[in-house]
Each structure stands twice: as structure tokens, then as C-alpha cells.
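What follows is a set of notes on a single structure, which appears directly below.
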Amino acid sequence: MSSFSTLFNPRGVAIVGATADINRAGGQALHALTHYGYAGNILPVNPNYDTLGKHRCYRNITDIDQPCDVAVVAVPATHVPGVIEHCGKQGITFAVVLGGGFREAGAEGIANEARMLAAARQGKVRLIGPNCLGFVNIHQRVYAGFGSITKPPDLKPGPVSAVIQSGGFGNSLVVQTAMAGVGFRYVVASGNESDINAPELINAFVDDPETKVILAYLEGVADGRALMTAARRALAAGKPVIILKAGNTQQGLRAAASHTANLTSSYDVFRAALKQCGVIEVRDTHEAADYAQCFATGRLARGRNVAVMGGSGGSAVAFSDAADEVQLKLTPLSDKTMGVLRENLPSVASLENPVDYAAGFITDANAPRFLRAIDAILADPEVHQVGVLLATSTGRTMYNGALGVAEALKKSRKPVMLFCSIPYASAPEGYDLIAAEKIPMQPSPRRVAYAMAALANFTEALDHREHICNPPEVKRRAVPTLPQGAVTLNEHESKNLLRAFSVPVTHDQLLAPGTALPANIRYPVAVKVASRDIAHKSDIGGVRLHVQDKAQLEQAMAEVLNNARRAAPQANLAGVLVSEMVSDGLETIVGVVNDPCFGPVVAFGLGGILAETIRDVTYRVAPFNHTEALAMVREIRGAKLFDGVRGQPARDVDALTKLLVAVSEMAWLLRDRVAEMDINPVLVRPVGKGTIAADALLVLK
-14 MSSFSTLFNP
-4 RGVAIVGATA
6 DINRAGGQAL
16 HALTHYGYAG
26 NILPVNPNYD
36 TLGKHRCYRN
46 ITDIDQPCDV
56 AVVAVPATHV
66 PGVIEHCGKQ
76 GITFAVVLGG
86 GFREAGAEGI
96 ANEARMLAAA
106 RQGKVRLIGP
116 NCLGFVNIHQ
126 RVYAGFGSIT
136 KPPDLKPGPV
146 SAVIQSGGFG
156 NSLVVQTAMA
166 GVGFRYVVAS
176 GNESDINAPE
186 LINAFVDDPE
196 TKVILAYLEG
206 VADGRALMTA
216 ARRALAAGKP
226 VIILKAGNTQ
236 QGLRAAASHT
246 ANLTSSYDVF
256 RAALKQCGVI
266 EVRDTHEAAD
276 YAQCFATGRL
286 ARGRNVAVMG
296 GSGGSAVAFS
306 DAADEVQLKL
316 TPLSDKTMGV
326 LRENLPSVAS
336 LENPVDYAAG
346 FITDANAPRF
356 LRAIDAILAD
366 PEVHQVGVLL
376 ATSTGRTMYN
386 GALGVAEALK
396 KSRKPVMLFC
406 SIPYASAPEG
416 YDLIAAEKIP
426 MQPSPRRVAY
436 AMAALANFTE
446 ALDHREHICN
456 PPEVKRRAVP
466 TLPQGAVTLN
476 EHESKNLLRA
486 FSVPVTHDQL
496 LAPGTALPAN
506 IRYPVAVKVA
516 SRDIAHKSDI
526 GGVRLHVQDK
536 AQLEQAMAEV
546 LNNARRAAPQ
556 ANLAGVLVSE
566 MVSDGLETIV
576 GVVNDPCFGP
586 VVAFGLGGIL
596 AETIRDVTYR
606 VAPFNHTEAL
616 AMVREIRGAK
626 LFDGVRGQPA
636 RDVDALTKLL
646 VAVSEMAWLL
656 RDRVAEMDIN
666 PVLVRPVGKG
676 TIAADALLVL
686 K
């Protein structure tokens, strides 16, 4: 694992602040290493002891005379910088700082953290934490931590590695996943992430050939694009990344000029970024456990076609409802498959997918017939994965069902998932067999469907990894000169900037107050006040639409200027913008926000007055290609409007995707200046007629 190999496989672990008291962090860390059988050097450090248990206790870390790569630091925060300095002098390359008292503790803690980091950089020591539970390497029995991460239930070895930013709740995610029968390789509680962060650890798991699935509990990341890069590396390596994100709803006060900023939360951006790089996002711990079970088998679904069989009709109905929610298709079975089912299932069975073989069918005598039915369904070329709904089957019936699935899986690489809702005591033989064979099982049909969808979604991401893992490189171009400082451009200036990036805009004329009207104006037109100081013109009566002739134009110009002067007497008025009216366009909104974590993000949705009323909006981190742009268009709830409904023509989606890509490139190239941007409305005209930006607002930073 390159630079992290000595962290996870250290020759020795020092415990600074070791103690005989197992109620203290240093005592728990020492006990964990000893109890779990770590085979390397266990090196307690505390001047108050000569020995701890069977281990010699060192007065100072610089006194250690055995190979040592990791120090677990369990001393008060004020002593930590000195300990890290000694680690550097001793050649210890990693330190796990368990305690708090750093930046979360105010000014004194911030200063203490700065001293700790300075010592780490000087001594070339990498840090886990502070304020963390530490880490474990299950395979090598390295328990370099304290608290719940070192306590029962014991984690079993397996292919999943996890990074958790919260100790207690993050470890709950790990424990629930382990209780679902999933084995772990590494678990790192990263705490405050003063140095080593979640994206770095995900990269380390990608580089580890024995890690097959990556699990993360995140509350935030400082560098969102680093997280995306790590996730893309995982996808390129064929390793699913499952992320549970918390801390999603609390929003600070926002002084936003644009609709886009008002429509956007940090969680919107985070979800979009995860989707964009092939991450499987979950909303609760049980989802993570369900999905990790399935991915740990190494079996992938090569499509969205599923078949379900069981002895409970109600279970099949519940599954079917959930399958619709996640776009799984209960595919018709082939004639050959149906023939096998007719020969082997009871006459009362319903053979159409979902297959109902009737309750009580899987007796000892019927077990071979059940197996032939499963084999036939798995062999059906149109079926990509199978669900077996054992429901409330108990005793030998449940065991025979589990045995049939286990035998069938030996002959097929397709995924199979079980649903069973009975307690262990009602079918211990069946449960033990399922655990031994590592067959994914969920306690509800709905969870089976959602787990199947997760497999299908990941396979689709793998199929598209060439464009997911290789975001477009934007060619540099000449950028128009922008005014200095933080300023909001008026509509005329904003459109001129958009035009420079090949975004089509309306034909406009800016007329200064008192200017004679040009003769070449084509009516009808829109009349709008132009001012850097007035972001929302319609709110103050600064817009008139469908102006039909010269007389109406003169009247409209006077009205919008007078309204602007009354509503914003201090505003600097550049004049009046006279714009062509486009009557055949579907109104959408395209915007940009500059997220502090992910940088420029493009938003797209239905526009006009609908923008903030129905909030039908989707997001992508810029820059992106036409494939992502098309996905944005198709995933909003109102996507069918672009196909033409109720006599309306189909819309020029190809032109719209080109506009979205152009805006994403503009947002990226101007990322150091653009704070937020609205193009509202973008009028999407009938097929072949293109798109046009009818209004625009750019806020510079």
C-alpha cells in the first residue's frame, strides 16, 4: 500500500501514555494490542512504570530500542507536540493522536494543533486524528486505538476497508455491517483529520489489493475534488465505494443574489459529486450493510433485469413495488425456463415472474425440484440477478431453500439475494449455512430490491467508467477583461461574457437614458433596467414584456427607469436593455455556484417562476462532458417536457447539452472570479432551433 504500508503493518507500536488502568485511553490501547494478539513489538511509554504486564515500559519514546513504526498518543493535548517531535527524532513515521483539545477547543486548541502539525512536518511524521478512536488491521490484529473500535463484537477478516470520521456513530456503521456477515480488512477512525484525511485513506484502500469494497462515514471533506479523484480511482479499479454522509441539513445564513444559490445546499452539491464519480450513496446504516454484503461476494449484475421466486405472494408484491421505485425490471422468462418450471413446480404455482412456488413446497422430497427451478432461472440469459423470498419459512423448509441457493451459486456467477424475516432460533441450520456460504440476505423484500439496484447501478458506472474516471480537460481561451473586485454584472455585461464562451444569448441593445431610439428595433421586445446594483429587476418593476411598437417602448423605458429610481435611489443605472422576445421556448434555469469544498458547480432545472417554487433542479461539478449534461436533463422530474407533451413540440436537447457543457467550461475557467451565476430563463426551443439565454446575472468575487 505504498506510503501507508507501515501504518497498517507496523513492525512495532508504541503507546505513549500507556497505563494499567483500562478505563483510560492508554490502558485500553495497550490492552487491545495484547488481547487481540498483535505479533509485532508492543512498546508502552510512561515514566511512572517499569513494566506493564509482560512488556517493558519506556520512560520516553526516544528510549525505544526496538523497531517501531506507529505511536499511539494518549496524553493531554498540550504534551502532544513534544511527543510528535520525539517521534520524528526516533524515526517513527505515523502517530495516532487519540485525545481532543485541538481546533475544536477554541483559540488555545488551534494554537496547540498548529504546534503539533509543525512538529509532524519537521519530523516527517504523518498523523491520524486527533480526537479519534484510532485504527485496526483485522488481518494482522493491529488494534491501534481505544474505545468502541477495540471492543466486541470482534470484527472478522474480510474484503471491506472503512474510514469513519465519527468514532461512535461511525463505528456503529462498521458494527452493523459486520453483524450482517461482512468481514473487514482495515477500519480507520480519522477524527479531526488534521493531517491524513478521508480521500487519502480511500486512495490507500484502492492501492491495497486485498481491499475489494470501500466503506465511509463522512461528515465533511475539506477538498471535495480530492474525494472525487479518489472515488474515480476506486471505480477505475473496480472497487465500489459506499458512503454515508451526515450533517446535511444545517445551513448557514446565505446572502445570495441568484436563484441558483438560493436553490443550492452543500448536500445538493455533495450528492451530485458522489453520483458523478460512481459512488454508492446510502442514507442509513442498514443500507450500507445490505450493499456491502452484496459487493463483498464479488458478483455483479450485468443489467437491471431481475427474477424473483418465493412461497409468499405478498412478499412478491412488496418486492415489485420497490423494484419500480429503483427501475428494476421483472423480466419475462424464456420459454425454456418456463418449461423447466412447469416440470418441477407444483400445479398451483404461478410461473410468471415473480414466480410463486406456493408455501411449504421446499420439503426434503422437493428440494431437488427446487434446485432445478433456481438453476433454470439463473441460466436464463435475460435474467441478471435473482431474489429468493423465503419470507417466514422455518426449520427444514428454510434450510432446504438456503441449500438450494448455495448449490445453484456454485454453477453461476449471477448475484442471488435472500429475504427471510424469521428469528435465528426458528431455523438455525439455514442461518448457519447462509452465513457460511456468505449469501446476502435482507429482512424485507424492499431491501432486497434496493440492494439489487445498488449492484445494477455500480455495473452501469463500470460500463461508463471511461468518461466518469476521465473528466474533460478544458482548453484555455482568451477571457474578456473583468472589472476588479467583488461586483455584480448587469444583464448586458453578463450576456456579453456568456457570448464569449459560445453561450447563445438574445439580440440586445443597451440604451442610455435619454438616448434616441434606433430605427432597426424589431418588435415585440422586452424592456429591462440595466444596473449592477439591481439583481432582481422584476421585483422592483424594472421589466416590461411584449412591447409592441415605438410608443409603447418609450413608455416602457420611462416606467422601468422611474421604478428603479424609486426602489433603489442609490443604484447606478447603466440604462435600459431592449431585447428580442422569443416565444417558442421552454423556460429552464442554468446556474453556477462556487462551492467552498467542490468549487464551481452547475445547476439545471425548470426555470422562470418555477425555479424556486417546485425546485426541480439537478447539479454537476464542473467541468463535465455531454454525457453528464444529457444525464442532468433526463434526471429532473420534468424531463418529459423536453420530449413534447400535450401538443407541444419536442425540444432541442442536443443544443441544451452543448449549452450546459459550455457553462461548465466557463465556470471552471473563471473559477477564481465567478461566485454565482444565473441564466434564467434559458429558452429551449423546438428541435433544430437551439437554445437562447434570455436573462443573465453574474456575481464576481
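Residue numbers (this note's numbering): -14 to 686. For each residue, glycine too, the CB sits at the ideal point set by N, CA and C. The structure presented is a predicted model; accordingly, all values stated were derived computationally and were not measured.
query, result
"Mapping the DSSP letters down to three states, classify ARG217 as helix, strand or coil.", "helix"
"Where does LEU238 sit, in a helix, a strand or coil, going by DSSP?", "Low confidence applies here, because LEU238 scores a pLDDT of 35, under 50, leaving its location unreliable and the question unanswered by this model."
"Three-state secondary structure (DSSP) at PRO498?", "coil"
"Looking only at its own chain, which residues have a Cβ that is under 6 Å from the Cβ of VAL148, when we skip the five neighbours before and after it?", "VAL173, SER175, ALA183, LEU186 and ALA201"
"May I have the straight-line CA-CA distance separating VAL390 from LYS396, to the nearest angstrom?", "10 Å"
"Considering only their Cβ atoms, is the gap separating ALA80 from ILE27 smaller than 9 Å?", "no"
"For MET662, which of helix, strand or coil comes out of DSSP?", "strand"
"Tell me the DSSP bridge mates of ALA59?", "Beta-bridge pairing links ALA59 to no other residue."
"Could you give the DSSP three-state label for GLU310: helix, strand or coil?", "helix"
"Taking buried to mean at least 16 other C-beta atoms within 10 Å of its own C-beta, is THR500 buried or exposed?", "exposed"
"Tell me whether THR676 is buried or exposed, calling it buried when 16 or more other Cβ atoms sit within 10 Å of its Cβ.", "buried"
"Rounded to whole angstroms, what's the CA-CA distance from THR379 to SER406? Just pull it up for me.", "10 Å"
"On the CB-based measure, 16 or more other CB atoms within 10 Å of its CB, does LYS399 come out buried or exposed?", "buried"
"Kindly indicate which residue of LEU645, THR573 and GLU93 has the alpha-carbon position closest to the one of PRO608.", "LEU645"
"As a quick exercise: from LEU440, GLU445, GLY209 and TYR409, pick the residue whose alpha carbon is nearest that of PRO428.", "TYR409"
"Would you list the one or two residues that DSSP bridges to VAL121?", "TYR128 and VAL172"
"Pick helix, strand or coil for GLN427, following the three-state DSSP scheme.", "strand"
"Using alpha carbons as the reference points, say which of MET294, GLY299 and ALA308 lies closest to LEU318.", "MET294"
"Over what stretch of residues does the alpha helix (DSSP H) that includes THR676 continue unbroken?", "Here THR676 belongs to no alpha helix (DSSP H); instead the beta strand (DSSP E) covers 676 to 678."
"How long is the line joining the alpha carbons of ILE574 and LYS109, rounded to whole angstroms?", "49 Å"
"Could you pull the start and end residues of the alpha helix (DSSP H) that ASP639 belongs to?", "638 to 654"
"Provide the residue span of the beta strand (DSSP E) that contains PRO29, from first to last.", "26 to 30"
"Rounded to whole angstroms, what is the Cα-Cα separation between THR466 and PHE304?", "58 Å"
"Going by C-alpha distance, which of ARG622, VAL512, GLY592 and LEU330 is nearest VAL667?", "GLY592"
"Per DSSP, PHE589 forms a beta bridge with which residues?", "VAL575 and THR603"
"Out of ALA165, ARG656 and ASN177, which has the shortest C-alpha to C-alpha gap to GLY584?", "ARG656"
"Which residue from ALA588, LYS643 and GLY166 puts its Cα closest to that of ALA274?", "GLY166"
"Only counting the same chain, and skipping five residues up and downstream in sequence, which positions put a Cβ closer than 7 Å to that of CYS691?", "This structure gives no information on residue 691, because the portion of the chain shown stretches from -14 to 686."
"Drop a sphere of 10 angstroms on the beta-carbon of LEU238, count the other beta-carbons inside from all chains shown, and report buried for 16 or more, exposed for fewer.", "Only weak support exists for where LEU238 lies, its pLDDT of 35 falling under 50; the value from the coordinates is given anyway. That one is exposed."
"Can you tell me whether PRO225 is buried or exposed, with buried defined as 16 or more other CB within 10 angstroms of its CB?", "buried"
"For the candidate residues LEU685, VAL618 and GLU613, whose alpha-carbon lies nearest to that of ASP601?", "VAL618"
"Taking the alpha carbon of VAL586 as the point to measure from, which residue in ILE49, PRO509 and GLU661 has its own alpha carbon closest?", "GLU661"
"Determine the extent of the alpha helix (DSSP H) in which THR162 is found, giving its start and end residues.", "153 to 164"
"With a 10 Å radius around its C-beta and 16 neighbouring C-beta atoms as the bar for buried, classify THR282 as buried or exposed.", "buried"
"Should LYS230 go down as buried or exposed, given a rule of 16 or more other Cβ atoms within 10 Å for buried?", "buried"
"Output the distance between the C-alpha atoms of LEU530 and VAL512, rounded to the nearest integer angstrom.", "6 Å"
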